[in-house]
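Visitor:
In the numbering used here, the protein residues as written are 2 to 267.
1) Enumerate in chain order the residues of its own chain whose CB-to-CB distance from residue 253 is below 7 Å, with the five nearest sequence positions on each side excluded.
2) Is the segment 112-129 in contact with the segment 139-149, if contact means three or more CB pairs nearer than 8 Å?
3) Would you tell me roughly how many angstroms separate the C-alpha atoms of residue 16 and residue 47, rounded to the nearest one?
4) Could you tell me the alpha carbon to alpha carbon distance between residue 53 and residue 219, rounded to whole angstroms?
5) Find out if the Cβ-Cβ distance for the pair residue 75, residue 121 is shorter than 8 Å.
6) Under 8 Å Cβ to Cβ from residue 246, same chain only, skipping five residues before and after it: list those, please.
7) In terms of residues, what are the limits of the alpha helix (DSSP H) holding residue 131?
8) Mind pulling the beta strand (DSSP E) runs of 3 or more residues that sit fully within the segment 181-209?
9) Between residue 145 and residue 137, what straight-line distance do the alpha-carbon atoms span, to the nearest angstrom?
10) For the structure I just gave you, are there three or more beta carbon pairs, one from the segment 100-108 and one from the segment 39-46, closer than 8 Å?
11) Report the three-state DSSP secondary structure of residue 234 (helix, strand or coil).
12) Per DSSP, what kind of secondary structure is residue 118 in: helix, strand or coil?
13) Rounded to the nearest angstrom, how far is the Cβ of residue 129 from that of residue 171, given a contact under 8 Å?
14) Which residue spans inside the segment 24-108 form an unbroken alpha helix (DSSP H) run of at least 4?
15) For residue 148, list the residues DSSP reports as bridge partners.
16) Who pairs with residue 214 in a beta bridge, going by DSSP?
17) Taking buried to mean at least 16 other C-beta atoms within 10 Å of its own C-beta, is residue 178 buried or exposed?
18) I need the straight-line Cα distance from residue 216 to residue 223, nearest angstrom please.
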């Protein structure tokens, strides 16, 4: 009976989830689909689409943010699929081989996906309604990873948006002993992860030094994991590029694996 109940629950979840849709990215307009992309799995990598804000670095070069040729699709979908390939090889998580694009404006859709990832939130322009939906998602047990934003101005944009998401909660540095850094790999020695175009400088803009921060719930669970001044998405995207240093892509993959397992177990 338990087994039958479990099957019913999974079938119900699938019934309410939006189907996979292939979007073009601002870097990768087309990208090949893996042969198993329609497989039903226990985990999907959900990427958040969002409107750009006043600090949008793609202003004039992007289109309607609903289409995919926009700020949120940086590194997309190469980063997502490279990471998912690593997650399938390095863990027992039954992960789908393709990403799921999620729009916070689509009613209750975000609640179907326990993991949510966004790039360049230092340039986004999420609305108050989207901020409220993100807050509710996190308080219900969802996990949000904010990645690839750098320097003083982008931190200011992100911090203002997080104040609208959680006006009553502070952004804190995540302690080295926190379980999120030890779920699978022990990640005591974390270094700044630069994007491919910033390898020579080692950082972007005035974003010198990596910061691993978070917003916690009342029980100490990380609800929002923040990789400030690092570009984990680029490290995933170029994990198979011999010109991109393995020490960066290897660490980025281990961080991602830890975060997924943490999100699924906490």
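C-beta atoms are modelled at their ideal positions from N, C-alpha and C, and glycine is treated no differently.
Guide: On the basis of the supplied data:
1) So the qualifying residues of the chain are 194, 233, 236, 237.
2) Flag = yes, the segment 112-129 and the segment 139-149 touch.
3) Residue placement at residue 16 cannot be trusted, given a pLDDT of 49 that sits under 50; what the coordinates show is reported in the next sentence. Cα atoms of residue 16 and residue 47: separation of roughly 17 Å, rounded to the nearest angstrom.
4) Between the C-alpha atoms of residue 53 and residue 219 there is a straight-line separation of about 31 Å.
5) Yes; because the gap between Cβ atoms is below 8 Å, this pair is in contact.
6) Only 200 meet the Cβ criterion.
7) Counting along the chain, the alpha helix (DSSP H) containing residue 131 begins and ends at 129-140.
8) Restricting attention to beta strand (DSSP E) runs no shorter than 3 residues, the segment 181-209 encloses none.
9) Taking the Cα positions, residue 145 is about 12 Å away from residue 137.
10) With a cut-off of 8 Å, the segment 39-46 and the segment 100-108 count as touching, because enough Cβ pairs lie within range.
11) It is helical.
12) Strand at residue 118.
13) In fact, because the Cβ distance is near 20 Å, the residues do not count as touching under 8 Å.
14) Those alpha helix (DSSP H) runs which fall completely within the segment 24-108 and span 4+ residues are 79-91.
15) Answer is 120, 228, bridged to residue 148.
16) 174, 227.
17) Residue 178 comes out exposed.
18) Approximately 6 Å between the Cα atoms of the pair.
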